[in-house]
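Reviewing the structure listed below.
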Amino acid sequence: MMFALGPETVLQLILLVPGLGAILIGATNRFPNLRDALSLLIATALCALAVWLLLDHVAGGIARLQLTPIVQGLPILFVAEPIGLVFAVLASALWIVITAYSIGYMRKNNEPHQTRFYICFAIAMASTMGIALAGNLLTLFLFYEILTLSTYPLVVHHETDAARRAGRVYLGLLLSSSILFLLPAIIWTWFLAGTLDFTRGGILAGKIEGTQAAILFALFLFGAGKAALMPLHRWLPAAMIAPTPVSAFLHAVAVVKAGVFTILKVGVYIFGVGFLASVQASEWMLWVSAFSLIAASVIALGKDDLKARLAYSTIAQLAYVTMGVCLATVMGMVGGAMQLVTHALGKITLFMCAGAIYLATGKTRISDMRGLGRVMPFTFGAFLLGALSIIGIPPLGGAWSKWFLMMGASDAGHLAALGIWMLSSLLSLAYLIPLVARGFFLPLQEEEDRPQAQGREISVIRLARLREAPLWCVVPACITALLSVLVYFAGPAIAGFILPALGP
8 MMFALGPETV LQLILLVPGL GAILIGATNR FPNLRDALSL LIATALCALA VWLLLDHVAG
68 GIARLQLTPI VQGLPILFVA EPIGLVFAVL ASALWIVITA YSIGYMRKNN EPHQTRFYIC
128 FAIAMASTMG IALAGNLLTL FLFYEILTLS TYPLVVHHET DAARRAGRVY LGLLLSSSIL
188 FLLPAIIWTW FLAGTLDFTR GGILAGKIEG TQAAILFALF LFGAGKAALM PLHRWLPAAM
248 IAPTPVSAFL HAVAVVKAGV FTILKVGVYI FGVGFLASVQ ASEWMLWVSA FSLIAASVIA
308 LGKDDLKARL AYSTIAQLAY VTMGVCLATV MGMVGGAMQL VTHALGKITL FMCAGAIYLA
368 TGKTRISDMR GLGRVMPFTF GAFLLGALSI IGIPPLGGAW SKWFLMMGAS DAGHLAALGI
428 WMLSSLLSLA YLIPLVARGF FLPLQEEEDR PQAQGREISV IRLARLREAP LWCVVPACIT
488 ALLSVLVYFA GPAIAGFILP ALGP
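All residue numbers for the sequence shown refer to my numbering, where the first residue is 8 and numbers rise by one.
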């Protein structure tokens, strides 16, 4: 039946299904099993709609939905274009995974306010779809702010004093960056171009030059505070006080991805690749991004708390997207878009593994995780695959994003960027792989004081000793880890789908 629907109807459903789902989830508050099943059903329906829209676009369809203008000449506009469709399919598919994971985590951990949790998830997904399919800057800005407000209750979920302090940092930095930087940039663009529509090749050529173009570009980059560009990054580590499913959602599905997606869309459809290169508006921001990348990686090295280390890793990995846009080359933009996909799969895997370790052992510090790999081999195996993808090792998906970014740097003649990325990969190796090595090659803490026979200091994996987290938590992490492998083989197809959007 869905395939008989027109593209405009499917666009409407993509925006309505998670919103209506939030209402239905609230109505089933007294029936937890029904509520959780409904959450999974809504996530699956949304993903099916997003995939339908993508296939329709491949077949030559044009999906466009325009609502009544709020201001004369500025309608609420939704358009299905390649970069947005990739983001929509990615986010909706990962929502299925994180919903399944949340069911296991929230129940096992006896978390309160579970209905509110799933309601906020659904509203956040509705706003994420609005961002992904936004046809102009006004529409993107409205849904961008709804996403901030809808995820705030998730950050303060535990309602402790520490959670509320983290929530104030989260809300304060994200709203202030939008109001102080992003909104002025949008207004300035409107006065310059007379339109805010996302247009292939950009809308600013001949409208602004030199220093002014550089300032406008910087306003957009710092205005997209969800991209966690230093020094506007503090909200991201602060938000780690939330339950692990929220951390995974913030890092891989919605919030930070909305930030770098906004930067990507601005670079491609507002400035345009050719214009951005011709006026050299992005050169100095490339160095700001490079500083964020290296500084966050170094900080991650010193974090013993696993979620804190992963948070700073995200700040570093997001800078790859920003640097790709700042290179102002087609391959750099493709690399940034690929990084959005591959980082999402790798990082959601790492966070779900962190939550599984906590549920099974109560441990959150890396120094306390010695030997756990032999009693949690599936979790630590999934973590290894996610880590290798983040680092960029073939045959994991992250290798493609690094490859295209290096091609972009070569096209721009920016050899320094190549050196920065090589250093970053080494730092990623240094802060991610030791956890796996500790898990598999060091003895369990409780075994360290026991006398052992010569040659048996390192115990092996035994089925009788396994103590994995519930299947609802382990299986989703294994699925996304395997998807990181599959994306490696799908990489050229994804890049080929995105490439036409980057031309003049």
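From the three backbone atoms N, C-alpha and C, an ideal C-beta is built for every residue, glycine too.
To which residues of the same chain is residue i closer than 6 Å at the C-beta, ignoring the five residues directly before and after it?
i, result
"Ile186", "none"
"Ala98", "Thr135, Val260"
"Ala419", "Leu334, Thr336"
"Phe256", "Ile105"
"Met414", "Met338"
"Phe278", "Gly209, Leu211"
"Gly498", "Trp407"
Residues in its own chain within less than 7 Å of residue i by CB, not counting five upstream and five downstream?
i, result
"Pro191", "Leu226"
"Leu403", "Leu392, Leu395, Ser396, Ser491, Val492, Tyr495"
"Leu74", "Pro82, Ile83"
"Leu149", "none"
"Gly91", "Ala139, Leu140"
"Thr202", "Ile210"
"Thr206", "Tyr276"
"Leu352", "Ser396, Gly404, Thr487, Leu490, Ser491, Val494"
"Val58", "Val96"
"Pro483", "Val104, Ala107, Tyr108, Met359"
"Gly217", "Val286"
Where does residue i sit, in a helix, a strand or coil, going by DSSP?
i, result
"Asp311", "coil"
"Arg172", "helix"
"Phe496", "helix"
"Ala335", "coil"
"Asn40", "helix"
"Val78", "strand"
"Ala129", "helix"
"Pro191", "helix"
"Pro402", "coil"
"Gly462", "For Gly462, the predicted model reports a pLDDT of 45, less than 50, meaning its position is unreliable; a value from the coordinates is still stated below. The answer is coil: DSSP assigns Gly462 none of H, G, I, E or B."
"Ala423", "helix"
"Ser185", "helix"
"Leu300", "helix"
"Val382", "coil"
"Glu118", "coil"
"Thr167", "coil"
"Gln287", "coil"
"Thr35", "coil"
"Glu216", "coil"
"Glu475", "coil"
"Pro483", "helix"
"Thr233", "Note that residue 233 corresponds to Lys in the displayed sequence, not to Thr. Here Lys233 sits in helix by DSSP."
"Ile210", "coil"
In this structure, what does DSSP give as the bridge partners for residue i?
i, result
"Asp375", "None, per the DSSP bridge assignment."
"Ala84", "Strictly speaking, residue 84 in this sequence is Leu, with Ala absent from that position. DSSP, once it has assigned bridges, lists Gln73 as partnering Leu84."
"Asn143", "Asp204"
Would the beta-carbon of residue i be found less than 7 Å away from any heavy atom of the ligand NAD?
i, result
"His421", "The model depicted lacks the ligand NAD and carries no ligand whatsoever."
My guess is that residue i and residue j are in contact by the Cβ rule of under 8 Å, so how many angstroms apart are they, rounded?
i, j, result
"Leu442", "Phe390", "7 Å"
"Glu15", "Ala70", "6 Å"
"Met340", "Leu509", "5 Å"
"Val262", "Ala363", "Not a contact, Cβ separation roughly 22 Å."
"Val332", "Gly274", "4 Å"
"Leu439", "Leu308", "In fact, because the Cβ distance is near 10 Å, the residues do not count as touching under 8 Å."
"Gly426", "Met376", "Contact doesn't hold; Cβ gap of about 33 Å is too wide."
Leaving out the 5 sequence neighbours to the left and right, which residues in its chain are closer than 8 Å to residue i when beta-carbon positions are compared?
i, result
"Ser432", "Ile398, Gly399, Lys409"
"Ala200", "Ile210, Leu211, Lys214"
"Ala129", "Pro25, Gly26, Gly28, Ala29, Ile32, Ser46, Ile49"
Discussion item. Measuring CB atoms only, is the segment 122-133 touching the segment 240-247, in the sense that at least three cross pairs come out at less than 8 Å?
Written reply: no
Worksheet entry | Given 8 Å, three or more beta-carbon pairs between the segment 172-179 and the segment 152-159 | yes
Worksheet item: If you pair each beta-carbon of the segment 246-259 with each one of the segment 103-121, do three or more pairs fall below 8 Å?
Response: yes
Discussion item. So, does the segment 39-54 touch the segment 163-175, judging by three or more C-beta pairs under 8 Å?
Written reply: By the Cβ criterion, the segment 39-54 is not in contact with the segment 163-175, since fewer than three pairs of Cβ atoms, one from each stretch, lie closer than 8 Å.
Worksheet item: Counting pairs of Cβ atoms below 8 Å between the segment 321-330 and the segment 298-308, do you hit three or more?
Response: yes
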